[in-house]
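Numbering (this note's numbering), first residue to last: 634 to 836.
Beneath this line is the structure, given in structure tokens, with notes to follow.
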Amino acid sequence: MTSPAAYSLRPVRESDHDAVGAVIEAAFGDEGPEVSSLWTEVRQSGYVLAELVAVDARGDEVVGHVGVSHAWLDARRELVDVAMLSPLSTRPDRQEQGIGTTLIEAAIEAARATGRPMLCLEGSPFFYGVRGFERAALHGLEPPSRRTPEQAFQVVLLPGREDWMTGRLVYPDVWWRHEAAGLRDPDLAHLEELFAQKFKPLD
Ligand SMILES: CC(C)(COP(=O)(O)OP(=O)(O)OC[C@H]1O[C@@H](n2cnc3c(N)ncnc32)[C@H](O)[C@@H]1OP(=O)(O)O)[C@@H](O)C(=O)NCCC(=O)NCCS
634 MTSPAAYSLR PVRESDHDAV GAVIEAAFGD EGPEVSSLWT EVRQSGYVLA ELVAVDARGD
694 EVVGHVGVSH AWLDARRELV DVAMLSPLST RPDRQEQGIG TTLIEAAIEA ARATGRPMLC
754 LEGSPFFYGV RGFERAALHG LEPPSRRTPE QAFQVVLLPG REDWMTGRLV YPDVWWRHEA
814 AGLRDPDLAH LEELFAQKFK PLD
């Protein structure tokens, strides 16, 4: 008999797109439709570098999804093509079974395979900080918006990254059209307060 928690990962297929949208919508709640339409537009814009799904044991139901897409790093020497991870979703009834963690590991490997020198994201430092990511500010990286708390902007450095690759991350326009950079008040102020209690400022 197959364990109910069993799942496997594979690259997304075009026939999965509706199911991926449904998983994103279920995972992100009120923000779900917006995140799902953002990701559809990222796909249509040709910015996707890798897209993976977690499927159930029989392989016919999508239970998780991760997207890796293109962004730039505006370094002093030149504009650098980098990768970013977003969105990450696990269907609510399949959360807490390790699917999100496995998708992150696969996304890091997928970003490495593209040859891009880093994988960036905006997200919870409590969640991603124990899954391979570190504070991007430690490596001279600035988030796309000053409305991204410094602790939430995180990175995995990959082979090919060089010391001069510092500066601001720049999102393609689709992320701005969907208001997907940083947070706005009052959520931003709440998060800054939480982080100030939990994290020491960087020197
Ligand atoms: C975040 C998410 C993908 C995790 O998926 P998952 O399959 O449950 O992940 P795992 O089982 O590997 O890990 C579960 C861990 O995630 C933590 N977690 C879930 N949501 C979290 C959040 N918003 N902030 C911080 N940690 C979170 C759980 O507390 C648990 O931590 P633990 O391992 O220390 O107990 C899933 O909760 C989800 O889809 N959330 C809604 C969408 C979202 O917020 N995506 C991330 C955007 S940055």
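From the three backbone atoms N, C-alpha and C, an ideal C-beta is built for every residue, glycine too.
Quantities reported herein were computed from a predicted structural model and do not represent experimental measurements.
In the structure shown, Val653 falls within a helical segment according to DSSP collapsed to helix, strand and coil. Taken through DSSP and simplified to helix, strand or coil, Ser722 comes out as strand. Rounded to the nearest whole angstrom, the CA to CA distance from Val803 to His698 is 24 angstroms.
The residue from Arg764, Met798, Thr747 and Arg745 with its alpha-carbon nearest to that of Leu771 is Met798.
Membership of Tyr761 in the alpha helix (DSSP H) is indicated by the continuous run Pro758 to Tyr761.
For the 9 angstroms CB-CB criterion, Val668 and Pro720 form a contact.
Taking C-beta atoms under 8 angstroms as the contact rule, Val695 and Val686 qualify, at a distance of about 5 angstroms.
DSSP links Met717 through a beta bridge to Ser702 and Cys753. When only Cα atoms are considered, Gly793 and Glu742 end up about 14 angstroms apart. Around the C-beta of Trp672, 16 or more other C-beta atoms lie within 10 Å, and the residue is accordingly described as buried. With a cutoff of 9 angstroms on beta-carbon distance, Ala683 and Ala746 are scored as near each other. In the DSSP assignment, Leu802 is bridged to Leu706.
Distance from the C-beta of Ser702 to the nearest heavy atom of ligand 1 is not below 8 angstroms.
In this chain, the beta strand (DSSP E) harbouring Val686 covers Val681 to Asp689.
Counted as a single uninterrupted DSSP element, the stretch harbouring Phe832 is not any alpha helix (DSSP H), since DSSP gives it neither H nor E.
Under the three-state reduction of DSSP, Arg745 is assigned to helix.
Taking C-alpha positions only, Arg724 is separated from Ala660 by approximately 5 angstroms.
Sequence-distant Cβ neighbours of Asp707 in its own chain, meaning closer than 7 angstroms and more than five residues away, are Gly800, Arg801 and Val803.
A straight-line Cα-Cα distance of about 22 angstroms links Gly662 and Arg780.
Assigned with DSSP and collapsed to three states, Gly697 falls in strand.
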